[in-house]
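Enquirer: To convert a position in the sequence shown, counted from 1, into my numbering, add 552. Beta carbons: idealized from backbone N, C-alpha and C, even for Gly.
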Amino acid sequence: MQPRFVDLHTHTTASDGTDSPSELIRKAAALKLAAVAVTDHDTLSGLDEAEAAGKELGVEVIRGCELGVQGKYGEIHLLGLWLPRRSASLEAELARLRLHREERNRGMLERLRALGVDIPYEEVLAEAKGESVGRPHIARVLLKRGVVGSFAQAFELYLGYYGAAYVPRRLPTPEEGVRLMAESGALVSFAHPMLIRCPPAWFDEIVPRLKEAGLGAIEAYHSEHSSRDERFCVELAARYGLGLSGGSDYHGTAKPGVRLGRGKGSLRVTEALLEALKSRRERLDKAGADT
Ligand code: AMP
Ligand code: ZN
Ligand code: FE
Ligand code: FE
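Structural data, given as structure tokens:
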């Protein structure tokens, strides 16, 4: 039998991707992917639509979410996989984070206004379509209006860390983020660790701390990881008894170089990796039930 492939990190119009949840699943079906985790930033609002499309088209949909937390060297991203259908505490915290996003987005528009670029918040909301709104949506408005010549320039001049309109986002601590999703029953994976600009030795400080809080895996396979990065992550996971996850971080046309299931061309996440994550979850559930 042909090996089958999966993608455990994707975004939709529920946050800053450009495919609706059902479009994303339709593309996954056309690519014959066995499973897709939908992992929008700070929202679960795309999951029901994705699941319904998955049932219809024969694609296994894993309910997920990507959460940013404040690390010593900048943002750390965490993926929650197999989130429960209902979790009051998780949903309340995500709603709080989205409210912070709105305050911050309005703050950035105020700064832009002071620089002579007057964008009403409604225009950003219209661009966003979903419930999780962020800098990529503001960048698209700036591009559409011709204020900047490219998406990258919107970040360079205005929205990036050194940009003139940048406002930082208040984020949970790494432990809080891991606990929030782990306690709801999700498997938590450390997303694209090698994108953090930190000394490699720092991972031996942060990963055991996160494991203590409930971390279950490391995203070794990602569009922006080289094969050297993958090896580093595989060894890191082995050192701390963690599982491995992998996904493209597909955003549709918002990240033009990144293809669903294939990343920048060489990414392949096998169904075997997904099966290994599932049996790890079952083992942990069983261990939990026995104690
Ligand atoms: P936010 O969640 O609102 O802080 O926006 C973060 C998103 O903006 C990231 O996931 C990236 O997709 C995008 N982003 C951040 N920095 C840059 C940059 N320098 N150039 C292009 N996109 C960026
Ligand atoms: Zn994103
Ligand atoms: Fe991320
Ligand atoms: Fe992502």
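On the CB-based measure, 16 or more other CB atoms within 10 Å of its CB, does proline 573 come out buried or exposed?
Expert: That one is buried.
Enquirer: Buried or exposed for glutamate 608, going by 16 or more other Cβ atoms inside 10 Å?
Expert: By the 10 Å Cβ count, glutamate 608 comes out exposed.
Enquirer: Mind checking whether the beta-carbon of glycine 626 lies closer than 6 Å to any heavy atom of ligand 1?
Expert: Glycine 626 Cβ: outside cutoff for every heavy atom of ligand 1.
Enquirer: Pull up the distance between the alpha-carbon of glutamate 776 and that of arginine 749, whole angstroms please.
Expert: So the alpha carbons of these two residues sit roughly 13 Å apart.
Enquirer: List, from N- to C-terminal side, the alpha helix (DSSP H) runs of 4 residues or more that fit wholly inside the segment 727-803.
Expert: Listed in chain order, the complete alpha helix (DSSP H) runs (minimum 4 residues) inside the segment 727-803 are 755-765, 779-791.
Enquirer: Less than 6 Å between the CB of phenylalanine 707 and some heavy atom of ligand 1, yes or no?
Expert: Correct: phenylalanine 707 has its Cβ closer than 6 Å to ligand 1.
Enquirer: Have a look at Ala644, Ile577, Ala582, Gly626 and flag the residue whose alpha-carbon is nearest the alpha-carbon of arginine 615.
Expert: Comparing Cα-Cα distances from arginine 615 to each of Ala644, Ile577, Ala582, Gly626, the minimum goes to Ile577.
Enquirer: Tell me whether glutamate 827 is buried or exposed, calling it buried when 16 or more other Cβ atoms sit within 10 Å of its Cβ.
Expert: Glutamate 827 comes out exposed.
Enquirer: Can glutamate 618 be considered in contact with ligand 4, in the sense that its beta carbon sits closer than 6 Å to one or more heavy atoms?
Expert: Yes; taking the cut-off as 6 Å, the Cβ of glutamate 618 has a heavy atom of ligand 4 nearer than that.
Enquirer: Any contact of the segment 645-661 with the segment 748-766, i.e. 3+ C-beta pairs under 8 Å?
Expert: Contact between the segment 645-661 and the segment 748-766 is absent, because fewer than three Cβ pairs lie under 8 Å.
Enquirer: Decide if lysine 838 is buried, meaning its Cβ has at least 16 other Cβ atoms within 10 Å, or exposed.
Expert: The residue in question, lysine 838, is exposed, as its Cβ has fewer than 16 Cβ neighbours within 10 Å.
Enquirer: With respect to the beta strand (DSSP E) encompassing arginine 615, which residues constitute its N-terminal and C-terminal limits?
Expert: That run of the beta strand (DSSP E) goes 612-623.
Enquirer: So within the segment 674-732, which uninterrupted alpha helix (DSSP H) runs reach at least 4 residues, ignoring any that extend past its ends?
Expert: Entirely contained in the segment 674-732, the alpha helix (DSSP H) runs reaching 4 residues are, in chain order, 687-696, 703-706.
Enquirer: Pair every Cβ in the segment 591-598 with every Cβ in the segment 705-714, then say whether three or more of these pairs are closer than 8 Å.
Expert: The segment 591-598 vs the segment 705-714: no contact.
Enquirer: Would you mind stating whether arginine 721 and arginine 665 have Cβ atoms separated by less than 7 Å?
Expert: Not in contact: arginine 721 and arginine 665 (Cβ atoms no closer than 7 Å).
Enquirer: Identify the residues that DSSP records as bridge partners of glutamate 627: which are they?
Expert: In DSSP, glutamate 627 forms a bridge with Gln622.
Enquirer: Cβ of alanine 772 within 6 Å of any heavy atom in ligand 3?
Expert: No; taking the cut-off as 6 Å, the Cβ of alanine 772 has no heavy atom of ligand 3 nearer than that.
Enquirer: Apart from the five residues just before and just after phenylalanine 707, which ones in its own chain have a Cβ nearer than 8 Å to its Cβ?
Expert: Excluding sequence neighbours, phenylalanine 707 sits near Arg687, Ala691, Gly715.
Enquirer: With respect to the beta strand (DSSP E) encompassing leucine 646, which residues constitute its N-terminal and C-terminal limits?
Expert: Per DSSP, leucine 646 belongs to no beta strand (DSSP E); it is in the alpha helix (DSSP H), 640-666.
Enquirer: By DSSP, does arginine 833 sit in helix, in strand, or in coil?
Expert: Looking at arginine 833 - three-state DSSP - the assignment turns out to be helix.
Enquirer: So, helix, strand or coil for glycine 840, using DSSP?
Expert: The answer is helix: DSSP assigns glycine 840 an H, G or I state.
Enquirer: Does the distance between the C-beta of histidine 777 and the nearest non-hydrogen atom of ligand 3 fall short of 6 Å?
Expert: Because no heavy atom of ligand 3 lies under 6 Å away, the Cβ of histidine 777 does not count as near it: no.
Enquirer: State yes or no: is the C-beta of histidine 563 nearer than 6 Å to some heavy atom of ligand 3?
Expert: For ligand 3, not one heavy atom lies less than 6 Å from the Cβ of histidine 563.
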